[in-house]
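Trainee: Below is the structure I would like to discuss, written out as structure tokens.
Numbering (my numbering), first residue to last: 1312 to 2095.
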């Protein structure tokens, strides 16, 4: 990309004018003639047998067109499980949901029936009138109870609550611990909440019987996977289904799986012959959208006298909820992320995935990595404290050096390939973050604060993240007779700036203006193959495909322009939407005119070597995951009386390879940090012992507000990625992953006079106060 005009530039997002002026088109903005509204009847019980469903009263209400239960769905959909999109041979019980439960419900919020009415209000009223006779069954709420001997069954027809058991290991762990000078052991409770995207899930479906075409608009991250799942459940050909992901108001991983609602709404539209729309409300998001919840870690680390890591071992217990809609991806990624940027000679983790009678868990931004980073970084903090070492120095001592790249960790990553870091300069990332945060000057600031009775602390955390996962993504580039450039991709956009970044890449290749590029994303009718948005994969996969497609079209344009202008190909330059000859009187021809010429004249043969149109479709297939990395430094103040935490300064050094658009990457990192602050200090999805959800409104479930999230100082550390032609790595999740570890480390540092020790996230004020009380801190505090 040497000499590029747009690549690397801080281009403002092309998406923003429409969004900021209210002209964005989301699923709920689409209104079709004769459209009905849906409301789902959901289980109030965490576990129960369904004895009888009586919808007669609901069907008799005005404006109600139908109430559908499982037996009203198409044949296979009545009883078949939804497709498991990410299978794994370690899964002993591959249990996914059914479109509508008919015999047994296994979590509060599981869909049983759907009401279709003239308005959402009428549908809500009718849903309340559906009478269901339940026989409550014993429920399991805590994953520790789920794996205990004699535990009630989460699914009455499954003999065990263990969904999967996965051992992961390399090196000689026993020898490492036998020769260790110090062993630190910690028990950790690590919790992450729900996605809480601004827009909930949404589905609209319409069936054209004459054309036998089913059209679906879904607030999904994966429209091509949605289409494939629908084709499987409905027994239809892929070409007879079109799925469109219009503008999507945030996804964060929760909108990647295929949900029952995405099956039921299209089936209802076909059955009734009317368009059907459904918009998830916030309570439904709390109780029926997937989350990323509880993990229990029992881990210990062995080090030599200087603090060099010799080995790490332990057990991880993961609560997967009642089903496995995205396989065991989140816990598996957690277990393979632990080594991070450090040389770890020996490692063994025994991972157990347990069913519970809670809403299913999948990936949320970070996908298991925040827990793994928290575990490793907390262990290192505790080693540093025990050995009297500076926390940053201990980390630097254990880091993988740039000259060790490519570095093989010793595990198999979730993409099925050996876990190998192809590039990165981990020490430089840490050094840049420390410099930006004035880490060296912090102790003087801390001493000054303590003399004023204030408690401030600093925390540091490092991470490595596998991004850009396969198998592929596709992009079509086509020059139109108008001179505009049509770009279509299977990638989707939920706010990442995909339209802008792909336009920057294509515009550099074709010499056109950004505003002359028209992007179609997330529409299965626009490109035949696609995967979608998850795993920070858009820039690597769609970006590389855009480059390859753009390069091919560039060659076509240059060849045709040279023929038309009667000059050599190496004399042609592309600039401002034209092909221009460098020499002579610099004759030129517009891209639109070239596109018309490339369409040919009816009945007239092409010149030898000329092909129809100016277009190309490219599918980039990455050889393995691309690993970004970074360091976060948090400076906080803690009020020991209330347990309140204020983040004073937050510094991020982030290596996402070559940066396409620094402005967009800054936004992704800043937003990721906001998510990480929520995970560290606020968000907890609580259930009682009977598996009833307790936090189902924002009155109970806290999100960080604007005053809680400081503007981050962001440093870009660019080490090019050799695994793709752009040299890029993912950037969407790095702001979240190490944030809880850095923030809670800083809290512990602020309260170091009281010798409190934290091994859980989130760390809420009541937990801070309880730890201080248990440590006798309030007897040591100066009396005012």
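The beta carbon of each residue, even a glycine, is placed where N, CA and C say it ideally should be.
Taking the alpha carbon of residue 1469 as the reference point, which residue from 1428, 1404, 1520, 1435 has its own alpha carbon closest?
Mentor: Start at 1 with the first residue of the chain shown, and residue 1469 comes out as number 158. Of the listed residues, the one whose Cα sits closest to residue 1469 is 1404.
Trainee: Assess contact between the segment 1888–1906 and the segment 1862–1875, defined as three or more Cβ pairs (one per stretch) separated by less than 8 angstroms. Is contact present?
Mentor: Because the criterion of three Cβ pairs below 8 angstroms is met, the segment 1888–1906 and the segment 1862–1875 touch.
Trainee: For a minimum of 3 consecutive residues, which ranges assigned as the beta strand (DSSP E) are wholly contained in the segment 1460–1544?
Mentor: Entirely contained in the segment 1460–1544, the beta strand (DSSP E) runs reaching 3 residues are, in chain order, 1473–1481, 1493–1502, 1513–1519, 1524–1529.
Trainee: Whose C-beta lies closer than 6 angstroms to the C-beta of residue 1447 among residues of the same chain, with five residues either side of it excluded?
Mentor: On the chain shown, residue 1447 is found 136 positions in, with the first residue counted as 1. Here the set comprises 1356, 1359.
Trainee: For residue 1324 and residue 1982, what's the separation of their Cα atoms in angstroms?
Mentor: Within the chain shown, numbered from 1, the residue matching residue 1324 stands at position 13. Within the chain shown, numbered from 1, the residue matching residue 1982 stands at position 671. Distance between the alpha carbons of residue 1324 and residue 1982: 15 angstroms.
Trainee: So, is residue 1868 buried or exposed, given that buried needs 16 or more other C-beta atoms within 10 angstroms?
Mentor: Along the chain shown, read from residue 1 onward, the residue named residue 1868 stands at position 557. Looking at its Cβ environment, which holds 16 or more other Cβ atoms inside 10 Å, residue 1868 is buried.
Trainee: For residue 2057 and residue 2014, what's the separation of their Cα atoms in angstroms?
Mentor: Here residue 2057 refers to the residue found at position 746 of the chain shown. Here residue 2014 refers to the residue found at position 703 of the chain shown. Their backbone Cα atoms lie some 20 angstroms apart in a straight line.
Trainee: Which whole runs of the alpha helix (DSSP H) in the segment 1607–1660 are 4 residues long or more, in chain order?
Mentor: The qualifying runs are 1640–1648.
Trainee: Buried or exposed, going by whether 16 or more other CB atoms sit within 10 Å of the CB of residue 1724?
Mentor: Within the chain shown, numbered from 1, the residue matching residue 1724 stands at position 413. Looking at its Cβ environment, which holds 16 or more other Cβ atoms inside 10 Å, residue 1724 is buried.
Trainee: Between residue 2078 and residue 1589, what straight-line distance do the alpha-carbon atoms span, to the nearest angstrom?
Mentor: The residue given as residue 2078 occupies position 767 in the chain shown. The residue given as residue 1589 occupies position 278 in the chain shown. One C-alpha to the other measures close to 40 angstroms.
Trainee: Does DSSP classify residue 2066 as helix, strand or coil?
Mentor: What you label residue 2066 is simply residue 755 of the chain shown in a count that begins at 1. Note: residue 2066 maps to coil in three-state DSSP.
Trainee: From residue 1739 to residue 1973, what distance separates their C-alpha atoms?
Mentor: Residue mapping note: residue 1739 aligns to position 428 of the chain shown, counting from 1. Residue mapping note: residue 1973 aligns to position 662 of the chain shown, counting from 1. When rounded, the distance between both Cα atoms is 19 angstroms.
Trainee: Rounded to a whole number of angstroms, what is the C-alpha to C-alpha distance between residue 1807 and residue 1977?
Mentor: As a working mapping, residue 1807 is identified with position 496 in the chain shown. As a working mapping, residue 1977 is identified with position 666 in the chain shown. Taking the straight line from one Cα to the other gives about 11 angstroms.
Trainee: Taking the Cβ atom as the reference point for each residue, do residue 1630 and residue 1676 lie within a distance shorter than 8 angstroms?
Mentor: By one-based count along the chain shown, residue 1630 stands at place 319. By one-based count along the chain shown, residue 1676 stands at place 365. Contact: no.
Trainee: Should residue 1966 be labelled buried (16 or more other beta-carbon atoms within 10 Å of its own) or exposed?
Mentor: For the purposes of this step, residue 1966 is identified with residue 655 of the chain shown, where counting begins at 1. Residue 1966 is buried by the Cβ-count criterion.
Trainee: From the DSSP secondary-structure annotation, give me the bridge partner or partners of residue 1427.
Mentor: Here residue 1427 refers to the residue found at position 116 when the chain shown is read from its first residue. 1349, 1377, per the DSSP bridge assignment.
Trainee: Could you pull the start and end residues of the beta strand (DSSP E) that residue 1799 belongs to?
Mentor: Position 488 of the chain shown, counted from the first residue, corresponds to residue 1799. Taken as a continuous stretch (DSSP letters only), the beta strand (DSSP E) holding residue 1799 covers 1796–1800.
Trainee: Span of the beta strand (DSSP E) holding residue 1931?
Mentor: Against the chain shown, residue 1931 aligns to sequence position 620. Where residue 1931 is concerned, the enclosing beta strand (DSSP E) stretches over 1926–1931.
Trainee: Is it buried or exposed, residue 1816, if we count other Cβ atoms within 10 angstroms and call 16 or more buried?
Mentor: Walking along the chain shown from the start, residue 1816 turns up at place 505. With 16 or more Cβ atoms within 10 Å of its Cβ, residue 1816 is classed as buried.
Trainee: Within 10 angstroms of its Cβ, does residue 1798 collect 16 or more other Cβ (buried), or is it exposed?
Mentor: Stepping through the chain shown from its first residue, residue 1798 is reached at position 487. Residue 1798 should be labelled buried.
Trainee: For a quick check, are the C-beta atoms of residue 1385 and residue 1578 less than 8 angstroms apart?
Mentor: Mapped onto the chain shown, residue 1385 falls at position 74. Mapped onto the chain shown, residue 1578 falls at position 267. Taking 8 angstroms as the Cβ cut-off, residue 1385 and residue 1578 qualify as a contacting pair.
Trainee: Considering only DSSP beta bridges, list what residue 1553 is partnered with.
Mentor: Along the chain shown, read from residue 1 onward, the residue named residue 1553 stands at position 242. According to DSSP, residue 1553 bridges with 1526.
Trainee: What beta strand (DSSP E) runs, 3 residues minimum, are completely inside the segment 1726–1794?
Mentor: Entirely contained in the segment 1726–1794, the beta strand (DSSP E) runs reaching 3 residues are, in chain order, 1729–1732, 1766–1778, 1784–1790.
Trainee: To the nearest angstrom, how far is it from the Cα of residue 1729 to the Cα of residue 1622?
Mentor: Counted from its first residue, the chain shown places residue 1729 at position 418. Counted from its first residue, the chain shown places residue 1622 at position 311. For residue 1729 and residue 1622, the distance between alpha carbons rounds to 20 angstroms.
Trainee: Whose CA, out of 2063, 1791, 1683, 1800, lies closest to the CA of residue 1908?
Mentor: Translated into the one-based positions of the chain shown, residue 1908 becomes position 597. Out of 2063, 1791, 1683, 1800, 1791 has the C-alpha closest to the C-alpha of residue 1908.
Trainee: Check whether the Cβ atoms of residue 1664 and residue 1650 lie closer than 8 angstroms to each other.
Mentor: The sequence position of residue 1664 within the chain shown is 353, counting from 1. The sequence position of residue 1650 within the chain shown is 339, counting from 1. No, the Cβ-Cβ distance between residue 1664 and residue 1650 is not below 8 angstroms.
Trainee: Assess contact between the segment 1943–1960 and the segment 1906–1920, defined as three or more Cβ pairs (one per stretch) separated by less than 8 angstroms. Is contact present?
Mentor: At 8 angstroms Cβ cutoff, the stretches do not touch.
Trainee: Would you kindly work out how many angstroms separate the C-alpha atoms of residue 1628 and residue 1337, rounded to a whole number?
Mentor: In the chain shown, residue 1628 corresponds to position 317, counting from 1. In the chain shown, residue 1337 corresponds to position 26, counting from 1. Straight-line Cα distance between these residues: approximately 38 angstroms.
Trainee: Give the straight-line distance between the Cα atoms of residue 1372 and residue 1506, rounded to the nearest whole angstrom.
Mentor: As a working note, residue 1372 is residue 61 in the chain shown. As a working note, residue 1506 is residue 195 in the chain shown. C-alpha separation (whole angstroms): 35 angstroms.
Trainee: Does DSSP put residue 1899 in a helix, a strand or coil?
Mentor: If you number the chain shown from 1, residue 1899 lands on position 588. Here residue 1899 sits in strand by DSSP.
Trainee: Is there contact between the segment 2047–2064 and the segment 1764–1771, where contact requires at least three CB pairs shorter than 8 angstroms?
Mentor: Verdict: yes, contact present.
Trainee: Can you give me the C-alpha to C-alpha distance between residue 1843 and residue 1710, rounded to a whole angstrom?
Mentor: Position 532 of the chain shown holds residue 1843. Position 399 of the chain shown holds residue 1710. About 34 angstroms.
Trainee: In the DSSP assignment, what residue or residues form a beta bridge with residue 1445?
Mentor: Here residue 1445 corresponds to residue number 134 of the chain shown, with the count starting at 1. Its beta-bridge partners are 1361.
Trainee: Are the CB atoms of residue 1348 and residue 1434 within a distance shorter than 8 angstroms?
Mentor: If you number the chain shown from 1, residue 1434 lands on position 123. If you number the chain shown from 1, residue 1348 lands on position 37. Yes; because the gap between Cβ atoms is below 8 angstroms, this pair is in contact.
Trainee: Straight-line CA distance for residue 1460 to residue 1661?
Mentor: Counting from one through the chain shown, the residue named residue 1460 turns up at place 149. Counting from one through the chain shown, the residue named residue 1661 turns up at place 350. Straight-line Cα distance between these residues: approximately 18 angstroms.
Trainee: Helix, strand or coil, according to DSSP, for residue 1454 in the structure here?
Mentor: Residue mapping note: residue 1454 aligns to position 143 of the chain shown, counting from 1. Helix at residue 1454.
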